[in-house]
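Visitor: Heads up: the sequence lines are chains A and B, in that order.
Using the working numbering, read the first sequence as starting at 118 and increasing by one per residue.
Using the working numbering, read the second sequence as starting at 118 and increasing by one per residue.
If you scroll down you'll find the structure; I have some questions about it.
Protein chains: 2
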Amino acid sequence: MSSPIENAIEYAQAHRDSFLEGYQELLSIPSISTDPTYKAELERCADWIVAEMTRIGLKNSRKMPTTGHPVIYGEWLEAGGDKPTVVIYAHYDVQPVDPLNLWETPPFEPSVRDGKLYARGSADNKSGIWGNLKTLESILATEGRLPVNVKVFFEGEEETGSPSAAPFVVAHKDLLAADALMMSDSGFDPDHPMIGYTARGIISAEVTVRGPDHDLHSGGYGGVVHNPLHTVGKIIASFHDDRGRIQIPGYYDEVRELDEEERAQLLETYKITGPEFEAKSGVEHFWGESIAPVPVRATSLPTLDVNGISGGYQGPGMKTVIPSEASFKVTMRLVPNQDPAKIAELFKNYVESFASDTMQVSVAIHEKAWPVTMAGDGPSLEAVQRGYEDMIGRRALRVRVGGSIPILGMFQREMGMPITPLGYGSGENVHSPNEYVRLDHFFLSIEKSIRTFYYLAETMG
Amino acid sequence: MSSPIENAIEYAQAHRDSFLEGYQELLSIPSISTDPTYKAELERCADWIVAEMTRIGLKNSRKMPTTGHPVIYGEWLEAGGDKPTVVIYAHYDVQPVDPLNLWETPPFEPSVRDGKLYARGSADNKSGIWGNLKTLESILATEGRLPVNVKVFFEGEEETGSPSAAPFVVAHKDLLAADALMMSDSGFDPDHPMIGYTARGIISAEVTVRGPDHDLHSGGYGGVVHNPLHTVGKIIASFHDDRGRIQIPGYYDEVRELDEEERAQLLETYKITGPEFEAKSGVEHFWGESIAPVPVRATSLPTLDVNGISGGYQGPGMKTVIPSEASFKVTMRLVPNQDPAKIAELFKNYVESFASDTMQVSVAIHEKAWPVTMAGDGPSLEAVQRGYEDMIGRRALRVRVGGSIPILGMFQREMGMPITPLGYGSGENVHSPNEYVRLDHFFLSIEKSIRTFYYLAETMG
């Protein structure tokens, strides 16, 4: 007689076609959270997921309103009081798609080519939504029960910094109470088995610079009216010195330096991760290496990047205009122990100091999130690592990574939960045109997760 | 028996309704020269004007091809060899219309409100096209002949620096040979009678900065991949020091300082022109006054203005991207004796020096035009001033102005013609939303021009 794990895996293997079909349906919904135009699509996406959760046997599945995009909750709590309870986290919102013209197939018309499923969100992070649901379906369909108690928590605001999903967590501590958070905004690549266990914090901001109260002809007023685009240049130029060090006073004050062991481990793992990281960078030379080696700078030092500038005439040809205003968008990545509120304040004060009697400068802070360190070991990660061992014969390398998952800080700081990466994937071009997930790796990650759920009952028991 | 001047004026006054109707028809053609999308509209506009020229009795009226937008030529050369020949210049192309949402009525649906005709091009410079044609029509319709020989030369590239109209002039010196150029890219305001007699030169350029070969996620690569938007900031910030002086080495080397008399006259006329100039600026404080007084800086010193920046995500919300490239547009205004070719070379070398092993920087120069000084006195200007005297009882103040009319440098340097401002207007918001021309001033300027054409026969005789 075969084991529950084998039964569930057999189910998953037998249903790959229908799993793919549902995946494509999910990916065809343009759930772009940052653009208000798509608000109804986020609702539609959430409804679609809730229906699927109900269908596979999760209880109390529902869309719950926030002041922004809805969160999704569902549960299966019949494993027994002696079994651990885990929250599963993923996000159903996706990044914008521009530049649209660089996509080989439309971003919301999922297309399989060479074993890769191309669509916006295929990797980031509908793989996490779909991988978890298909894992749970495989177990429930074959055993009628789960080995641990599960709460599903999916949000629709990760790409905008979880402005209302984060307070939702604080307001629903009882509902979300659990022994561990399984964090599925990450991947699984059997050829490069790695578990990222850090996430940088993030602040996003928009700076607006206003000069004359209407656009002016630069022939008539050039030289005597201060041009907002020139002030935008002065502000941006001042952010970094020539080495790449951020110049805002106090910016690095709270940065905790890596200790010797962390640093040695980081440089050691970069020997493995480095070649791919460098190959995918699209550059011949990295920047700022005189400050710190690339892996340190990419994961364990804060950043400040301008992500977009707007102002003046941007069409073809020329227009001799001094624009009335100009603006730019900024994101900052934070590391332990930087406090997002403090850094946001430093940034705002610094940028607004460029105001003068010829120029107004204002700063809007859009999101603020803490850096987090996830479980580097412990019982929940042990269950994940045993899944790796079963699948590929070895444990995953634990690596520091530089991205951000804003809501994790809330779970860690407010609920004291160990955060455990449980990835599905692998994929590429997240946040870029032609995002894809490798289907072979995606299906394998479901098998790995089936194992992990059973192991959680043991390691956390 | 009434005089020819009186007859023509009577005709002009009797035909104001049909003059307005034709004006509106001309203004409804979106002849935006800088945007290739509108190429066919430029052709349509030229055809429309040629038909009108033929209708009113000009000879050999035709559209003549260039490598860019067509020029328009027509003539009436039967005044006799003892009469002077003048070339009339205006341009039928217009500026782009964005930001479109700030227009109270659509820019190409001409609308009369409070005696003002609102439309893109109503002042700059279809007033010059239409004012001249209606002046010539009024004389030809009543007298059957003109008092001087007239060549009409209208171009469709003024707003893009006349890249192909300027070489057209050099290639057609015989066709365009004349005793004076009447320059109608200027206004007429009986309440503030002024004649601008300078035009700054212009260079327009576009700078492109390229970093990684594809867009990157700033979470993964922030801090280690040099961000093109940061280099854009560094370049723009370096253009001016804090006083507003341009920092490109050698930029001011050839600038001819105003002599004592010019400077005194400029400051004196600014007492008259200043209040309006300041009121229309939309600012409370001017910039760069520690370098030179406002009127000197606005007319007699070179400038460098960034007119637009593009790069990264510009939609609503945030996108955590390091863009592969970014760009910005620049125009520089030049004064005697700056050589546009030399300054363009200085600019290009300076900006390209920001290239590094992490960033490519390239500069495209789009247009180059010489600064010009027009007739400050002499027989052709005398005819214009007598027109002012007849209409308002006094002569116009001659003022230095800061704008550019690129093709004038060709006429002045290649053909040695005195350039004589013959304005129609007055209007506002040229290059901005809600451009308009005051209809009362427009109709009066036709009467003034009728007088000027008759006086040209005397003063230049």
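Just so it is clear, CB atoms sit at the ideal spot from N, CA and C, and this is done for glycine as well.
Straight-line CA distance for Glu-138(A) to Ser-145(A)?
Guide: Taking the straight line joining both Cα atoms gives about 11 Å.
Visitor: Can you grab the Cα-Cα spacing for the pair Leu-346(A) / Val-423(B), in whole Å?
Guide: Each residue's Cα considered, the two are about 6 Å apart.
Visitor: Quick one: complete beta strand (DSSP E) runs, 3+ long, within the region 198-235 of chain B?
Guide: The qualifying runs are 202-208, 228-230 and 233-235.
Visitor: Measuring straight from C-alpha to C-alpha, what distance separates Pro-201(B) and Glu-160(B)?
Guide: The straight-line gap from Cα to Cα measures roughly 31 Å.
Visitor: Residues of chain B with a CB under 7 Å from the CB of Gln-431(A): which are they?
Guide: Going along chain B in sequence order, the residues near Gln-431(A) (Cβ under 7 Å) are Gly-425 and Ser-427.
Visitor: Sorted by chain position, which residues of the same chain lie with C-beta nearer than 7 Å to Gln-455(A)'s C-beta, five sequence neighbours on each side aside?
Guide: Excluding residues within five positions, the ones whose Cβ falls inside 7 Å are Gly-318, Glu-371, Val-372, Pro-419 and Pro-488.
Visitor: For chain B, is any of its Cβ atoms less than 8 Å away from the one on Ser-281(A)?
Guide: No, Ser-281(A) does not count as interfacial toward chain B.
Visitor: Starting from Glu-393(A), trace the alpha helix (DSSP H) both ways and give me its first and last residue.
Guide: Segment 377-396, the alpha helix (DSSP H) holding Glu-393(A).
Visitor: How far does the alpha helix (DSSP H) with Glu-169(A) in it extend, from its first residue to its last?
Guide: It spans 156-173 - the alpha helix (DSSP H) in which Glu-169(A) sits, taken as one unbroken run.
Visitor: Quick check: Ser-303(A) and Gly-540(A), are their CB atoms within less than 8 Å of each other?
Guide: A contact, by the Cβ cut-off of 8 Å.
Visitor: So, are the CB atoms of Ser-549(B) and Gly-248(B) less than 8 Å apart?
Guide: Not a contact, by the Cβ cut-off of 8 Å.
Visitor: Check the Cβ of Pro-452(A) against every Cβ in chain B and list those closer than 8 Å, keeping chain order.
Guide: The question names Pro, but residue 452(A) is Val in the sequence shown. Correct list: empty, because the minimum Cβ distance to chain B is about 10 Å.
Visitor: Please go through the region 390-448 of chain A and give each complete alpha helix (DSSP H) segment of 4 or more residues, from N-terminal end onward.
Guide: Counting only runs of 4 or more, we get 411-417.
Visitor: Step through the CB atoms of chain B and report whether any lies within less than 8 Å of the CB of Met-508(A).
Guide: No, its Cβ sits nowhere closer than 8 Å to a Cβ of chain B.
Visitor: Mapping DSSP to helix, strand and coil, what is Ile-122(B)?
Guide: Helix.
Visitor: What are the residues in the region 437-462 of chain B lying within 8 Å of chain A by C-beta distance?
Guide: From the region 437-462 of chain B, only Thr-437, Val-438, Ile-439, Pro-440, Ser-441, Ala-443, Phe-445, Lys-446, Thr-448 and Arg-450 have a Cβ closer than 8 Å to chain A.
Visitor: Verify the CB distance criterion: does Arg-503(A) have a CB-CB separation below 8 Å to chain B?
Guide: Closer than 8 Å: no.
Visitor: Which residues, taken in chain order from the region 481-498 of chain B, show a beta carbon closer than 7 Å to some beta carbon of chain A?
Guide: Residues passing the 7 Å Cβ filter: His-483.
Visitor: Tell me, please, whether the CB atom of Ala-207(B) is closer than 8 Å to any CB atom in chain A?
Guide: False, the Cβ-Cβ gap to chain A never drops below 8 Å.
Visitor: Tell me the rounded alpha-carbon separation between Gly-520(B) and Asp-494(B).
Guide: When rounded, the distance between both Cα atoms is 20 Å.
Visitor: Can you grab the Cα-Cα spacing for the pair Thr-154(B) / Pro-224(B), in whole Å?
Guide: Approximately 16 Å, taken between the alpha carbons.
Visitor: Would you say Thr-184(A) reaches chain B, if we count a Cβ-Cβ gap shorter than 8 Å as a contact?
Guide: Not one chain B Cβ lies under 8 Å of Thr-184(A).
Visitor: Identify the continuous beta strand (DSSP E) that holds Asn-177(B) and give its terminal residues.
Guide: Start and end: 176-181.
Visitor: Between the alpha carbons of Asp-306(A) and Ala-472(A), how many angstroms are there, rounded?
Guide: Rounded to the nearest angstrom, the two C-alpha atoms are 49 Å apart.
Visitor: Counting pairs of beta carbons, one from the region 330-338 of chain B and one from the region 435-444 of chain A, are three or more of them closer than 8 Å?
Guide: No, the region 330-338 of chain B is not in contact with the region 435-444 of chain A.
Visitor: Considering only the alpha carbon of each residue, which of Asp-376(A), Asn-177(A), Phe-270(A) and Ala-396(A) lies closest to Val-204(A)?
Guide: For the residues Asp-376(A), Asn-177(A), Phe-270(A) and Ala-396(A), the minimum Cα distance to Val-204(A) belongs to Phe-270(A).
Visitor: Measuring alpha carbon to alpha carbon, tell me which residue in Gly-232(A), Asp-308(A) and Ala-322(A) is nearest Val-468(A).
Guide: Ranking Gly-232(A), Asp-308(A) and Ala-322(A) by Cα distance to Val-468(A) puts Ala-322(A) first.
Visitor: Can you confirm whether Ile-246(A), when its beta carbon is compared against all beta carbons of chain B, has any partner nearer than 8 Å?
Guide: By this cut-off, Ile-246(A) is not an interface position.
Visitor: Could you check where the beta strand (DSSP E) with Leu-263(B) kicks off and where it finishes?
Guide: Run containing Leu-263(B): none; DSSP gives neither H nor E here.
Visitor: Using only the alpha-carbon positions, how far apart do Ser-543(B) and Arg-362(B) sit?
Guide: The straight-line gap from Cα to Cα measures roughly 33 Å.
Visitor: Compare the beta carbon distance of Val-518(A) and Thr-448(A) with 8 Å and say whether it is the shorter of the two.
Guide: In this structure, Thr-448(A) does not lie closer than 8 Å to Val-518(A) by Cβ.
Visitor: Beta-carbon of Pro-392(A) versus every beta-carbon of chain B: anything under 8 Å?
Guide: No, Pro-392(A) lies away from the interface with chain B (no Cβ there is under 8 Å from its Cβ).
Visitor: Could you work out which residues of chain B lie near Arg-317(A), taking near to mean beta carbons separated by less than 9 Å?
Guide: By Cβ distance, chain B contributes Gly-336 and Gly-339.
Visitor: Consult DSSP for Phe-305(B) and reduce its assignment to one of helix, strand or coil.
Guide: In the structure shown, Phe-305(B) sits in coil (DSSP, three-state: anything other than H, G, I, E or B).
Visitor: Tell me the rounded alpha-carbon separation between Ala-381(A) and Leu-421(A).
Guide: About 25 Å.
Visitor: So does the region 122-142 of chain A actually touch the region 240-260 of chain A, counting three or more Cβ pairs closer than 8 Å?
Guide: Yes, the region 122-142 of chain A touches the region 240-260 of chain A.
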